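Letter by letter, the sequence shown follows residues 1 to 424 in the UniProt record's numbering.
Have a look at the structure below, then the notes.
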Amino acid sequence: AEERRIDGGVATEKLEKNERVTLSNRISGDQDGDATLFGGGVTNHANRLFEMSQSKDRRVRYAALDLIGLLLRQGLVNPNECIPFLFALQGDVENAAIRSLALQLLMKEGERRPDALRQRICVGAKQAYDFQRRIYSQKDAASALITVRRGRVQGTECIFGSVFRNCISKSQKQRRGLFKNLLSFFETAEVNVETPFAKNVHLLKISGGGQANGSDLSLLSFTSQILAYLPYAAASDPLFIIHHIGSIVTIQGTQIVDAFAALLRPAGLASNDEYDEANVTEDALEKVARSKFPSRTQEASALSKIDQLKFLHLCRRGAAIVLLLRLKAHLRRSYNLSEFRCLEYDPNAKDRIAEKGISKVDNSPPFDASVPADLIHSSDSFIHWDTMIREYAEFRQLMRKENSFDIPMGEVSDEQRIFEEVVD
Numbered sequence: 001a002e003e004r005r006i007d008g009g010v011a012t013e014k015l016e017k018n019e020r021v022t023l024s025n026r027i028s029g030d031q032d033g034d035a036t037l038f039g040g041g042v043t044n045h046a047n048r049l050f051e052m053s054q055s056k057d058r059r060v061r062y063a064a065l066d067l068i069g070l071l072l073r074q075g076l077v078n079p080n081e082c083i084p085f086l087f088a089l090q091g092d093v094e095n096a097a098i099r100s101l102a103l104q105l106l107m108k109e110g111e112r113r114p115d116a117l118r119q120r121i122c123v124g125a126k127q128a129y130d131f132q133r134r135i136y137s138q139k140d141a142a143s144a145l146i147t148v149r150r151g152r153v154q155g156t157e158c159i160f161g162s163v164f165r166n167c168i169s170k171s172q173k174q175r176r177g178l179f180k181n182l183l184s185f186f187e188t189a190e191v192n193v194e195t196p197f198a199k200n201v202h203l204l205k206i207s208g209g210g211q212a213n214g215s216d217l218s219l220l221s222f223t224s225q226i227l228a229y230l231p232y233a234a235a236s237d238p239l240f241i242i243h244h245i246g247s248i249v250t251i252q253g254t255q256i257v258d259a260f261a262a263l264l265r266p267a268g269l270a271s272n273d274e275y276d277e278a279n280v281t282e283d284a285l286e287k288v289a290r291s292k293f294p295s296r297t298q299e300a301s302a303l304s305k306i307d308q309l310k311f312l313h314l315c316r317r318g319a320a321i322v323l324l325l326r327l328k329a330h331l332r333r334s335y336n337l338s339e340f341r342c343l344e345y346d347p348n349a350k351d352r353i354a355e356k357g358i359s360k361v362d363n364s365p366p367f368d369a370s371v372p373a374d375l376i377h378s379s380d381s382f383i384h385w386d387t388m389i390r391e392y393a394e395f396r397q398l399m400r401k402e403n404s405f406d407i408p409m410g411e412v413s414d415e416q417r418i419f420e421e422v423v424d
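Below you can see the structure in the form of structure tokens.
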């Protein structure tokens, strides 16, 4: 009864009216005064309780989460141990009540321990993804999106939208730290195509590294959805993300293009001169990718002469770059950012007045975070060549498009600068 009285808000309301009681004293009061013998017993089984919050039975999840809330309020459980599980439950997109309760607890912890929450939101993305893949294993892909309604307007937002808006959006440093951490999922080590495939390890900064595989691509798709639909606080937010995407693509995308060329050259599918530009025009594989069955063409038959596992690996790395380039295009469309404005953006400069506000284009096309299932599920024993060839073609086409607009800043005239700002 005492727990219910306090949870009903009566005790909290009375406490908050007393201006002499500071926030730290309130927290201390919760921890020292509200502890119960029952709560102390449950604390000894906290780890089991956390596991139950991830149960496949939604009723068990909700009951465990409700009890975790009581223990948090009483100070009988370590908040740092709870936060990862609360983040994971933000991935429970099919149970609004569970997501809502977990979000309330996260918001309370955000008020009390803002730094602890901010430091864990990036890891929370991985945990929410793992939760979805475990609980909703029958689904083809995990989704980081939910439908939100504000007044009469209905829109799409990522599962961490409320956490971002309430706990992170007010600090530019925290926002940029989050963006960089999420984008770091896409960063890989350089691959030497001459090195045996089995030695190309530690390629992705996901779950401790390892070879690029289908589960990595699923997580990258999930992460790209988060970045596409966060409720950004200023125009400098998408500009910052686009800037870092450009840096990743310039280094890694170029490496992959060159690695493809080195791999395909012995089969006659790339220029014999290794010093030739590798992606100036459409090549033979790109052309056959438009056919119904690319793998049955004469050009594709030459793929039997190459290391096929290396080709699969490079296609997966290329798919990660494709997700980034799609994300860049989506952010530009959604926030009406011209290519010139993106190029002249300097993350080290003070935000201009125009970059402090933000407006989203109504009815902008949805973000495409899809990754071909055949690319994810292809293995050493079976490679779906039609999908591989089409993924190779999309990667090269988007890379050429990315490199087609590159104006040195010193060559931009004042008239063009004014024109671009008017168009924006």
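Yeah, the Cβ is synthetic: ideal placement off N, Cα and C, and Gly gets one too.
Just so it is clear, the structure is predicted and the values come from calculations on it, not from any experiment.
Quick one: what's got a C-beta closer than 6 Å to residue i's C-beta in the same chain, skipping five residues either side?
i	result
F260	L314
K56	I135
C342	I242
G161	P231
H45	none
P196	Summary for P196: the model assigns pLDDT 45, below 50, so the residue's position carries little reliability; its value from the coordinates is reported in the next sentence. Around P196: no qualifying Cβ.
L323	L220 and S224
F50	F85
S404	none
P372	T387
Give the C-beta separation of residue i and residue j to the nearest angstrom, bearing in mind that I take them to be a contact with Cβ-Cβ under 8 Å.
i	j	result
Q132	A142	4 Å
E299	V288	5 Å
G357	A270	So it is not a contact: roughly 47 Å between Cβ atoms.
A393	L239	Not confirmed; about 30 Å, so no contact.
T297	S304	Wrong, their Cβ atoms sit about 13 Å apart, outside the cutoff.
V249	N279	Going by Cβ atoms, the distance from V249 to N279 rounds to 12 Å, so no, they are not a contact pair.
G155	V148	6 Å
S236	D351	5 Å
L331	I383	At roughly 33 Å, the Cβ-Cβ gap does not stay under 8 Å, so L331 and I383 are not in contact.
S295	I389	6 Å
Looking at the strands, I want to know which residues DSSP matches up with residue i.
i	result
R149	Q154
For residue i, which residues in the same chain have their Cβ closer than 8 Å to its Cβ, ignoring the five residues on either side in sequence?
i	result
A116	P79, N80, I83 and E109
N95	R58, R61 and Y62
K180	H244
L72	P79, C82, L105, K108 and E109
N272	R265
P114	C167
I98	R58, R61, Y62, L65, L89 and D92
P366	T156
S378	G214, L312, H384, T387 and M388
CB-CB under 7 Å to residue i, same chain, minus the five flanking residues each way: which ones, in chain order?
i	result
K328	I242 and I245
A102	L65, L86, L89 and Q90
G318	I256, E391, Y392 and F395
A302	A267, G268 and L269
S53	R61, A64, L65, I68, F85 and L89
R400	N279
residue 432	In the structure as shown, the chain begins at 1 and stops at 424. Residue 432 is therefore absent and cannot be evaluated.
R120	I83, P84 and F87
Is the distance from the Cβ of residue i to the Cβ of residue j below 8 Å?
i	j	result
Q225	L106	no
T223	L182	yes
S169	R175	yes
D374	T387	yes
C122	Y229	no
Q397	I321	no
F186	L220	yes
S334	S364	yes
C167	R112	no
E277	L325	no
Determine whether the Cβ of residue i lies closer than 8 Å to any Cβ atom of chain B.
i	result
M399	Absent here is chain B; the protein component of the structure consists of one chain.
- Inside the segment 59–134 only - alpha helix (DSSP H) runs reaching at least 4 residues: 79–88 and 96–112
(request) List in chain order: all unbroken beta strand (DSSP E) runs of 3+ residues lying wholly within the segment 352–382. (result) none
Review point. Could you give the uninterrupted runs of the alpha helix (DSSP H) lying entirely in the segment 271–301, keeping only those of 4 residues or more?
Key: 284–288 and 298–301
Check: What are the uninterrupted segments assigned as alpha helix (DSSP H) that are 4 or more residues long and contained completely in the segment 236–261, given in chain order?
Finding: 236–248
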